[in-house]
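K.L.:
Let me give you the structure first, and then I'll get to my questions.
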Amino acid sequence: MASAKIKKGDTVVVLSGKDKGKTGAVTQVLPREGKLVVAGVNIATRHRKPTQTNPQGGLERSEAPMAISKVAIADPKTGQATRVRFETRDGKKVRVAVKSGELING
Numbered sequence: 307m308a309s310a311k312i313k314k315g316d317t318v319v320v321l322s323g324k325d326k327g328k329t330g331a332v333t334q335v336l337p338r339e340g341k342l343v344v345a346g347v348n349i350a351t352r353h354r355k356p357t358q359t360n361p362q363g364g365l366e367r368s369e370a371p372m373a374i375s376k377v378a379i380a381d382p383k384t385g386q387a388t389r390v391r392f393e394t395r396d397g398k399k400v401r402v403a404v405k406s407g408e409l410i411n412g
């Protein structure tokens, strides 16, 4: 199995779009679609009609998937966006932040 550069639980920085500059944790990764869901980012609003289960109706806000290319991992040292490199340390393949050389947990 190929190792993923961004995994569930990683802290990422949004690089473009209406939420540019925001950070959040990855809650879900959809590798086949090339998308991921970030907590508190890319909020989509749906207007719901009143139903028997929800007689009030109203607005339903939820995080929508966004393209993986629009985010970058946050450097563990500085919190800035960084690329990811794979290295072998102590016989294990690990993810390393390109900017600082810090290990990325996960």
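Going from the sequence shown to the working numbering is simple: count from 1 and add 306.
For each residue, glycine too, the CB sits at the ideal point set by N, CA and C.
From the DSSP secondary-structure annotation, give me the bridge partner or partners of ILE374.
P.N.:
Taking the first residue of the sequence shown as 1, we reach residue 374 at position 68. In the DSSP output, where bridge partners are listed per residue, ILE374 has none listed.
K.L.:
If I follow the unbroken beta strand (DSSP E) through GLN334, where does it start and stop?
P.N.:
For the purposes of this step, residue 334 is taken as residue 28 along the sequence shown, with counting starting at 1. That run of the beta strand (DSSP E) goes 329 to 336.
K.L.:
Look at GLY330 and ALA310 and say whether their C-beta atoms are less than 7 angstroms apart.
P.N.:
For this step, residue 330 is matched to residue 24 along the sequence shown. For this step, residue 310 is matched to residue 4 along the sequence shown. Not in contact: GLY330 and ALA310 (Cβ atoms no closer than 7 angstroms).
K.L.:
Given a cut-off of 7 angstroms on the beta-carbon distance, is the pair VAL332 and ASP316 in contact?
P.N.:
Your numbering for residue 332 matches position 26 in the sequence shown. Your numbering for residue 316 matches position 10 in the sequence shown. Result yes, Cβ atoms of VAL332 and ASP316 sit closer than 7 angstroms.
K.L.:
Here's a check: name, in chain order, each residue in its chain whose Cβ is nearer than 6 angstroms to the Cβ of VAL343, leaving out the five neighbours to either side.
P.N.:
Translated into positions along the sequence shown, residue 343 becomes position 37. THR333, GLN334, GLU369, PRO371, listed in sequence order.
K.L.:
Taking the beta strand (DSSP E) that ALA310 belongs to, which residues open and close that run?
P.N.:
For the purposes of this step, residue 310 is taken as the residue at position 4 of the sequence shown. No beta strand (DSSP E) contains ALA310, which DSSP labels as neither H nor E.
K.L.:
Helix or strand or just coil, what does DSSP make of THR317?
P.N.:
Position 11 of the sequence shown, counted from the start, is the residue given in the question as residue 317. DSSP places THR317 in strand when its eight states are reduced to three.
K.L.:
Nearest by alpha-carbon distance to ARG352: which of GLY364, ASN360, VAL319 is it?
P.N.:
On the sequence shown, position 46 is the one that residue 352 refers to. For the residues GLY364, ASN360, VAL319, the minimum Cα distance to ARG352 belongs to GLY364.
K.L.:
Does chain C have any CB closer than 7 angstroms to the CB of ALA373?
P.N.:
Looking at the structure shown, chain C is missing, and only one protein chain is on hand.
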